[in-house]
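Novice:
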Amino acid sequence: MSVNQQTHTGPPYGQPQPGYQGFQQPAYGGQSLPGAPQSQYGAYNGPVPGYQQPVPPQGYYPSLGFPSKGSPVSLNSDTSLAPNFIGSLRAPPTSGAPPPASGASHPSGHVAYSQFEHGDVQNGIPASAAPVQRPPASQPFLPGSAPTPVSQISTFQQYGPPPGSVQQLRNHMAGMTIGSTAASAPPPAGLGYASVPPVSGSVSATGSGLYTPYSASQGPPLPSVSQALPVAQPPFPGQTIPTQRLPAQVPGFTPPPPSTGVGPSSYPPTTGAPRPPAMPGPPLPGQTVAGPPSSQPNHVSSPPPPSAMAGLHPGPPMSGLHGPPPPTHPPQPGYQMQQNGSFGQMRGPQPNYGGAYPGAPNYGSPPGPPPPPKRLDPDSIPSPIQVIEDDRNNRGSEPFVTGVRGQVPPLVTTNFLVKDQGNASPRYIRCTSYNIPCTSDMAKQSQVPLAAVIKPLATLPPEETLPYLVDHGESGPVRCNRCKAYMCPFMQFIEGGRRFQCCFCSCVTEVPPHYFQHLDHTGKRVDFYDRPELSLGSYEFLATVDYCKNNKFPSPPAFIFMIDVSYNAVKSGLVRLICEELKSLLDYLPREGNMEESAIRVGFVTYNKVLHFYNVKSSLAQPQMMVVSDVADMFVPLLDGFLVNVNESRTVIASLLDQIPEMFADTRETETVFAPVIQAGLEALKAAECAGKLFIFHTSLPIAEAPGKLKNRDDRKLINTDKEKTLFQPQTSFYNNLAKDCVAQGCCVDLFLFPNQYLDVATLGVVPYQTGGSIYKYAYFQLETDQYRFLNDLRRDVQKEVGFDAVMRVRTSTGIRATDFFGAFYMSNTTDVEMAGLDCDKTITVEFKHDDKLSEDSGALLQCALLYTSCAGQRRLRIHNLSLNCCTQLADLYRNCETDTLINYLAKYAYRGVLSSPVKTVRDALINQCAQILACYRKNCASPSSAGQLILPECMKLLPVYLNCVLKSDVLQPGPEVTTDDRAYIRHLVTSMDVAETNVFFYPRLLPLTKADVDSDSLPAAIRNSEERLSKGDIYLLENGLNIFVWVGVNVQQSLIQNLFGVSSFSQISNALSTLPVLENPFSKKVRSIVDMLQGQRSRYMKLIIVKQEDKLEMLFKHFLVEDKSLSGGASYVDFLCHMHKEIRQLLS
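When you line the sequence shown up against this note's numbering, it's residues 369 to 1517, in that order.
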């Protein structure tokens, strides 16, 4: 329900209107009136008085219309009252009951996100050993009766006159061409002024620069087999429907005044104005409802007097239904003013707002058109919450056994166990589709990208077994002679086991004598189950010296800590904080499973305009400092004593860490260098002949005279121009060359940034990015609020598993090959992905293309081989194998897709695209590709039905909502508060995220904390990301992998505020809290345990932000309510779905 809605006084809700026969009005809060028969339909606005309303046949759903741009085709071309439009391969619905009004509710006791995989969503198939086929069938969406997301402010041009009363809307709908009557073409999209008024049958959609805005008199869905959205209500049999013209638009006239009734105001808001209040959402269970209930279908104004019509001021055309505005009511507080181009939801009769009365004037059309179609109902379009919940219920209880080819795994939001029986776990590899087209023509036709998101060193839950380490001695792993693929479960042994045929290239290779084994009667080796490489999808080989640089085994890696000691770093307390933390953190360096101490050596450097190296040799009483001021020609002034064993040099290191903050306490040096710092670390690792990692703590733009010096080039005026791409590109090629040198040495760079102003993340991030490192950013770092987050990130970064000097290659069976790679790495050729370091959180995304035909019988195979040095200095090969099905029918492709992996790939593809193309081009390409994917399904897989229906594949029903989140993200559509550095930083982060991380990053998780059961371990059921789902009386938590927001409504009970924050009233809650106070009561303990659980699932420590309703921080919070319209101009989910439908129809026509 709306969080900003004022309660209106007036007659009670739910009074029946004259002329409503056979349909009850819902009473207050949506409960049925006593004595009224139960209806299977949602709240209904009723026919015009005088028409007997026939009871709809079973399975008939009122259809809803979508606007179309540029297409002369009638919008509502379907007159039939067909029962459910059902696809050709219909199967029983898999998702169970229709979604509850408030989003999905989780059964209590069910953990809401898996601890290890969370966030990627694909549709549930029942877990079974056999490959489960998904029904591709189509099924129409049922119209519901819940409210729409608020249309939100944007700074683009204004759109025209909102429709007036319900009666005018009906007249307008009557004018829509239904059946085969031709509609005149809509006006061209322009600046919002149409020279020719559209005939009311064609709903104009005027361009806003980012999206074409869409009208939203649209139709709805039910999560169950493939979704269909029906179109506008068909007329009654035998009824003729005339078209009606609107008054001509004259550019330059003032727009009409905003109305409280139906439809948007045509005034564009001023930039930065607060978002209009939301319409009420469905009440959550147990929630009291303030203000108008959600179940009333339409907000209706009383019709304007006839005299008002004559002197109507035309305004700019609006996408939506055109009709004169009712100038009768002044705006009332608490009712939303719709903003440009998004047609507001019509609602039921409200207090003090007359309904359409029988004597309403008709203005030029005969009385008695059919009832107006409702605005697309957000509760009836596909809900991510419902899909996640269904998958959890269907697939969370059984282990996922990987023995069968081409199985689609459960979603990453589902907590499930994996049993490796020959294919790699989905924790290591996830694919966009598990059934790939046999031919390139078919792949081109569908436009579904074939890609795998690979996380080679992923962390497994404790109940799953780590990959076994296989040692074949000096001869090394057994490989194919021709393509060099490693022995795996898909190799075929022949000639009694003396040879094997490669499953990738079909070459026959002799089995080495030491590896020979007899075959059983099925052709399997008798030692099949004793050898991981024959029976498992993932395993490791111990590499021989042939796999090492310069044919000698590597030394254990080193960690070098490089601390900025310029004025800002010292003054903020950062230097002292880092030194204190390192004293204890050095005891937790990563080590091999059974080793007593870590083999990693450590070194220390401080810097501002010059570099200070420290000798911490164990034999010294005190550390020694050596200064290198010639930064143009960097060298390391000492070898012995720079990199040391922590235990041996413990006292000297402790002494150094105590002295550093004191030495620089009075510094006045504000300038820093940056490139020479990396060069120094690189030279130290070269001298020690080992790989390693640099931890650099840096505060400002490096403007001091030195190689890699940068200038401030931040320019917000470049946004939305062709030069915007330069903001994402490094300003000098110096760092690219430096990165190449680092990769060659195995020198990985992790960068911790603490900027107070522009720092040029796009340039400073080049070396971390290309070496496989990480960037952490703490803008306006303050000790009291940010230290906890920084220290948690630093601890995890130092302790996590890393492979050094890594090279990865992906081999495929004949017919496809890896053609493109996304992630944090360097490539010196077209096949090898090189990383100085690869940690357990990083993914590499690989795209495949056809180079030949595939066969349905043999399927397709991938083998990812990663060669790396472990933290103990052991050279290893980690192998992951995956077998996929191949298909000749498009329906099989669409039945086996994984939307979350698809979104992960599309986001990375788009985020790379901004380096070379204008952002608008990138956005348009994304929309176009998704429209083509869905249009191909509609054309080739769905059963024939009205063009007015939007039909989505079951597995891809969340593609529009997730794609819209990517389009609205800060990289592709920044709001005014997003800095250039923020955009470069997010671009860097997303590029190596796994599927679970992109899922929660683009569609954050929103939990009602006040609904949490304090006695159970489970999370409260998540709700959808829209302001209308929030209640003033509740507290919510929103997480996106980087931040956790705790939103407190103005009407929250004082006892809850006391229990959670330890203060007595709403006004006393402090925004400065960075952690929740530790209070001894069940609610405080429950909320803190939820926060800790979420922190444990994410690779970075999320910043906690307390947001009070109607506070200045609320704008930031609302930015993450991704189903609503965004302040930067991004469409709401409802509007975007309509836009996608229009794009699909244009492609099909």
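Ideal placement from N, C-alpha and C gives every residue a C-beta, glycine not left out.
No experiment lies behind these values; they were computed from the predicted model shown.
#1: Rank N1296, P857, S940 and Q1113 by C-alpha distance to the C-alpha of F1149 and give the top, closest one.
#2: Go ahead and pull the three-state DSSP assignment for L818.
#3: Just to confirm my understanding: we take E1057, look at its own chain, exclude 5 residues before and 5 after, and list those with CB closer than 7 Å. What are they?
#4: Along the alpha helix (DSSP H) that carries I1301, what are the first and last residues, could you check?
#5: Given this structure, state the Cα-to-Cα distance separating V1455 from I1143, to the nearest angstrom.
#6: If distances are taken between C-alpha atoms only, which option among K812, Y1469 and L837 comes closest to N1160?
#7: Who are Y323's beta bridge partners in DSSP?
#8: Taking 7 Å as the limit between beta carbons, can you name the residues of its chain near S1101, skipping five residues before and five after?
#9: For a test of the three-state rule: what should DSSP assign to A658, helix, strand or coil?
#10: Less than 7 Å between C-beta atoms, sequence neighbours within five positions excluded: which residues of the same chain meet that for R1036?
#11: Given a cut-off of 7 Å on the beta-carbon distance, is the pair V933 and T974 in contact?
#12: To the nearest angstrom, report how far apart F972 and Q789 are at their CA atoms.
#13: Since A1259 is in the beta strand (DSSP E), which residue starts that stretch and which ends it?
#14: Alpha carbons only, please: which of F1429, K1325, D1460 and D1479 is nearest the one belonging to S748?
#15: Is Q990 buried or exposed, if buried means 16 or more other CB atoms sit within 10 Å of its CB?
#16: Go ahead and pull the three-state DSSP assignment for M544.
#17: Between the alpha carbons of K1476 and W1415, how many angstroms are there, rounded?
#18: At the level of alpha carbons, what is the spacing between H1509 and G1191?
#19: Is the beta carbon of I804 closer than 7 Å to that of L818?
#20: Spell out the partners DSSP gives T1180 in its beta bridges.
#21: How big is the Cα-Cα spacing for F1172 and I946?
#22: Can you tell which of S808, T1359, D1292 and L1357 has its C-alpha closest to the C-alpha of Q1341?
#23: Under the rule that 16 or more other beta-carbon atoms within 10 Å means buried, what is D998, buried or exposed?
#24: Given this structure, state the Cα-to-Cα distance separating F1158 from I1474, to the nearest angstrom.
#25: Taking the straight line between their C-alpha atoms, what separation do you get for R1466 and D1492?
#26: Suppose you measure from the CA of L1119 to the CA of R1018; what does that come to, to the nearest Å?
#27: Go to Q1422, then tell me how far its alpha helix (DSSP H) extends in each direction, as first and last residue.
#28: Given this structure, state the Cα-to-Cα distance separating M714 from A1315, to the nearest angstrom.
#29: What would DSSP say about A1204, mapped onto helix, strand or coil?
#30: Using 7 Å as the threshold, is the C-beta distance between P1372 and F1504 below it?
#31: Tell me whether V1455 sits in a helix, a strand or coil according to DSSP, three-state version.
#32: Looking only at C-alpha atoms, which of R847, Y1353, L1377 and L1222 sits nearest to S808?
#33: Could you spell out the range, first to last residue, of the alpha helix (DSSP H) harbouring L1106?
#34: Using three-state DSSP, classify R959 as helix, strand or coil.
#35: Here's the rule: buried if 16 or more other CB atoms are within 10 angstroms of the residue's CB, otherwise exposed. What is P645?
#36: At the level of alpha carbons, what is the spacing between R1244 and A1233?
Specialist: Short version:
#1: Position 781 of the sequence shown holds residue 1149. Answer by Cα proximity: S940.
#2: Start at 1 with the first residue of the sequence shown, and residue 818 comes out as number 450. Note: L818 maps to strand in three-state DSSP.
#3: Locating residue 1057 in the sequence shown gives position 689, counting from the first residue. Within the same chain, E1057 has close Cβ partners S923.
#4: Sequence index remark: in the sequence shown, residue 1301 carries index 933 (1-based). First-last of the alpha helix (DSSP H) with I1301: V1287 to N1308.
#5: Position 1087 of the sequence shown, counted from the first residue, corresponds to residue 1455. Position 775 of the sequence shown, counted from the first residue, corresponds to residue 1143. Cα to Cα, V1455 sits roughly 29 Å from I1143.
#6: In the sequence shown, counting from the first residue as 1, residue 1160 sits at position 792. Taking only the C-alpha atoms, the option nearest N1160 is Y1469.
#7: Absent from the model: residue 323. The displayed extent of the chain is 369 to 1517, so no value can be given.
#8: Here residue 1101 is taken as the residue at index 733 of the sequence shown, counted from 1. Taken in chain order, the list of residues that qualify is empty.
#9: Your numbering for residue 658 matches position 290 in the sequence shown. Its pLDDT being 41, under 50, A658 is placed unreliably by the model, and the measurement read from it follows with that caveat. In this structure, A658 counts as coil in the three-state DSSP scheme.
#10: Taking the first residue of the sequence shown as position 1, residue 1036 is located at position 668. Correct list, in chain order: Y935.
#11: Translated into positions along the sequence shown, residue 933 becomes position 565. Translated into positions along the sequence shown, residue 974 becomes position 606. In this structure, T974 lies closer than 7 Å to V933 by Cβ.
#12: Mapped onto the sequence shown, residue 972 falls at position 604. Mapped onto the sequence shown, residue 789 falls at position 421. Rounded to the nearest angstrom, the two C-alpha atoms are 46 Å apart.
#13: Residue numbering aside, residue 1259 sits at position 891 when the sequence shown is read from its first letter. Segment L1258 to R1263 is the alpha helix (DSSP H) holding A1259; no beta strand (DSSP E) there.
#14: Taking the first residue of the sequence shown as position 1, residue 748 is located at position 380. Nearest option by C-alpha distance: K1325.
#15: Position 622 of the sequence shown, counted from the start, is the residue given in the question as residue 990. By the neighbour-count rule (16 or more Cβ atoms within 10 Å), Q990 is not buried but exposed.
#16: For the purposes of this step, residue 544 is taken as the residue at position 176 of the sequence shown. A caution first: M544 carries a pLDDT of 36, below 50, which makes its placement in the model unreliable, though a value can still be read off. Correct three-state label for M544: coil.
#17: Translated into the one-based positions of the sequence shown, residue 1476 becomes position 1108. Translated into the one-based positions of the sequence shown, residue 1415 becomes position 1047. Using only the alpha carbons, I get a separation of about 6 Å.
#18: Looking up residue 1509 in the sequence shown gives position 1141. Looking up residue 1191 in the sequence shown gives position 823. Approximately 32 Å between the Cα atoms of the pair.
#19: Residue 818 sits at position 450 when you count from the first residue of the sequence shown. Residue 804 sits at position 436 when you count from the first residue of the sequence shown. Contact: yes.
#20: For this step, residue 1180 is matched to residue 812 along the sequence shown. DSSP, once it has assigned bridges, lists L1230 as partnering T1180.
#21: Numbered from 1 along the sequence shown, position 804 holds the residue referred to as residue 1172. Numbered from 1 along the sequence shown, position 578 holds the residue referred to as residue 946. Going from the Cα of F1172 to the Cα of I946 covers about 24 Å.
#22: For the purposes of this step, residue 1341 is identified with residue 973 of the sequence shown, where counting begins at 1. Comparing Cα-Cα distances from Q1341 to each of S808, T1359, D1292 and L1357, the minimum goes to D1292.
#23: Here residue 998 refers to the residue found at position 630 when the sequence shown is read from its first residue. Exposed is the call here.
#24: To locate residue 1158, count along the sequence shown from 1; it is residue 790. To locate residue 1474, count along the sequence shown from 1; it is residue 1106. Whole-angstrom Cα-Cα distance: 18 Å.
#25: Your numbering for residue 1466 matches position 1098 in the sequence shown. Your numbering for residue 1492 matches position 1124 in the sequence shown. Each residue's alpha carbon lies about 25 Å from the other.
#26: As a first step, residue 1119 must be located in the sequence shown, where it is residue number 751. As a first step, residue 1018 must be located in the sequence shown, where it is residue number 650. Computed Cα separation, rounded: 25 Å.
#27: By 1-based counting over the sequence shown, the position of residue 1422 is 1054. Start and end: Q1422 to F1429.
#28: For the purposes of this step, residue 714 is taken as the residue at position 346 of the sequence shown. For the purposes of this step, residue 1315 is taken as the residue at position 947 of the sequence shown. Confidence at M714 is low in this model, with a pLDDT of 37, below 50, so the placement of that residue should be treated as unreliable; the coordinate-derived value is given next. When rounded, the distance between both Cα atoms is 24 Å.
#29: Residue numbering aside, residue 1204 sits at position 836 when the sequence shown is read from its first letter. DSSP places A1204 in strand when its eight states are reduced to three.
#30: By one-based count along the sequence shown, residue 1372 stands at place 1004. By one-based count along the sequence shown, residue 1504 stands at place 1136. No, these two residues do not count as a Cβ contact at 7 Å.
#31: Along the sequence shown, one-based indexing puts residue 1455 at 1087. It is helical.
#32: Here residue 808 corresponds to residue number 440 of the sequence shown, with the count starting at 1. Nearest option by C-alpha distance: L1222.
#33: Within the sequence shown, residue 1106 is the residue found at index 738, counting from 1. Unbroken alpha helix (DSSP H) run through L1106: F1102 to Q1113.
#34: Residue 959 sits at position 591 when you count from the first residue of the sequence shown. Note: R959 maps to coil in three-state DSSP.
#35: Here residue 645 refers to the residue found at position 277 of the sequence shown. Interpretation of P645 is limited by its pLDDT of 43, a score under 50 that renders its predicted location unreliable; the figure taken from the coordinates is listed afterwards. Burial call: buried.
#36: In the sequence shown, the residue the question calls residue 1244 occupies position 876. In the sequence shown, the residue the question calls residue 1233 occupies position 865. Distance between the alpha carbons of R1244 and A1233 is about 10 Å.
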